[in-house]
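Residue numbers for the sequence shown follow the numbering used here, beginning at 12 and rising by one. Report on the structure given below.
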Amino acid sequence: MMRIILASGSKQRRDVLDLIGLKYEVIKSNAEEECSEKEPGKYVEQLSIVKAKSVAEELKENAIIIAADTIIYFNGKVYEKPKTKKEAFDNLKELSGKMNSAYTGITIIDLYQNKTISFSSKVDVYFRNISDKDIEWYVNNESRILDCCGYVVLGKASLFVDKVDGDYNTLFGISPSILYENLKKLGYSISDFELQD
């Protein structure tokens, strides 16, 4: 059975892999996340490559490393994780009543075959108009507000979403179906991986 390593401490990404039932280990990347790419899809791909490589360099044995990066993109601006509740408030105020896009970049480093594959997916999120009072409530009551870029859609932000266009799972930082399609490109099938007990 192939050993899977998730190069991320993200609870949302762990939840997605848990939902499928795949057995995996977590080794969080400590790489500096810097990127010169301007196009959002390439931006998240590049950051996922940096994360995957930093974990690959630590390993002494073969594994399949999965690393990911997610951003919110709106009007030419990249929204990373807010550093303060004030920044989170300002971000959501900017997105209120508008359509923004979430991009997730994923890199798979297959140390068994010495192959690397990177890709990205995009989903458009349409927000209803959100009052300042509701934004303030959200920022003060969403426990993971500083852990996710822009908002936590699988949480209290779902109150403000009008509709989503695209692969919904992209919002959670990893799409199982897109991930699996790319594992198949590397020659694997789901039966090659161990399931959780």
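Where a beta carbon is used, it is the ideal one built from N, C-alpha and C, also for glycine.
Cβ-based burial, residue i [other Cβ within 10 Å; buried from 16]
i	result
residue 57	buried
residue 123	exposed
residue 195	exposed
residue 108	exposed
residue 86	exposed
residue 170	exposed
residue 29	exposed
residue 152	exposed
residue 111	buried
Closest residue to residue i among the options (Cα-Cα distance)
i	options	result
residue 41	150, 132, 115 and 64	64
residue 205	48, 38 and 75	75
residue 39	91, 48, 61 and 47	61
residue 77	159, 147, 35 and 47	35
residue 88	16, 163 and 50	50
residue 70	17, 113, 197 and 145	17
residue 55	157, 106 and 113	113
residue 90	175, 168, 162 and 203	162
residue 197	125, 82, 176 and 37	125
residue 176	167, 37, 46 and 134	134
Inter-residue CB distance, residue i and residue j (contact presumed, cutoff 8 Å)
i	j	result
residue 141	residue 103	7 Å
residue 128	residue 193	6 Å
residue 92	residue 160	5 Å
Own chain partners of residue i with C-beta closer than 6 Å, once the 5 adjacent residues on each side are dropped
i	result
residue 44	58
residue 189	132
residue 83	90, 111, 113, 160 and 161
residue 48	54 and 57
7 Å Cβ shell around residue i - same chain, five flanking residues per side excluded
i	result
residue 226	Residue 226 is absent from the model: the chain starts at 12 and stops at 208.
residue 187	27, 31 and 180
residue 158	92
Residue i versus residue j: straight-line alpha-carbon distance, rounded
i	j	result
residue 22	residue 136	21 Å
residue 94	residue 26	24 Å
residue 208	residue 201	16 Å
residue 138	residue 182	14 Å
residue 147	residue 99	9 Å
residue 120	residue 178	23 Å
residue 155	residue 173	21 Å
residue 68	residue 143	46 Å
residue 203	residue 101	46 Å
residue 66	residue 15	12 Å
residue 191	residue 53	20 Å
residue 37	residue 145	35 Å
residue 13	residue 130	21 Å
residue 199	residue 105	42 Å
Cβ-heavy atom distance, residue i to the ligand FMN, below 7 Å
i	result
residue 72	Absent from the structure shown: the ligand FMN. Ligands present: none.
Spatial neighbours of residue i in its chain, beta-carbon cut-off 8 Å, leaving aside the 5 residues before and after
i	result
residue 167	149, 152 and 153
residue 46	54, 57, 58 and 61
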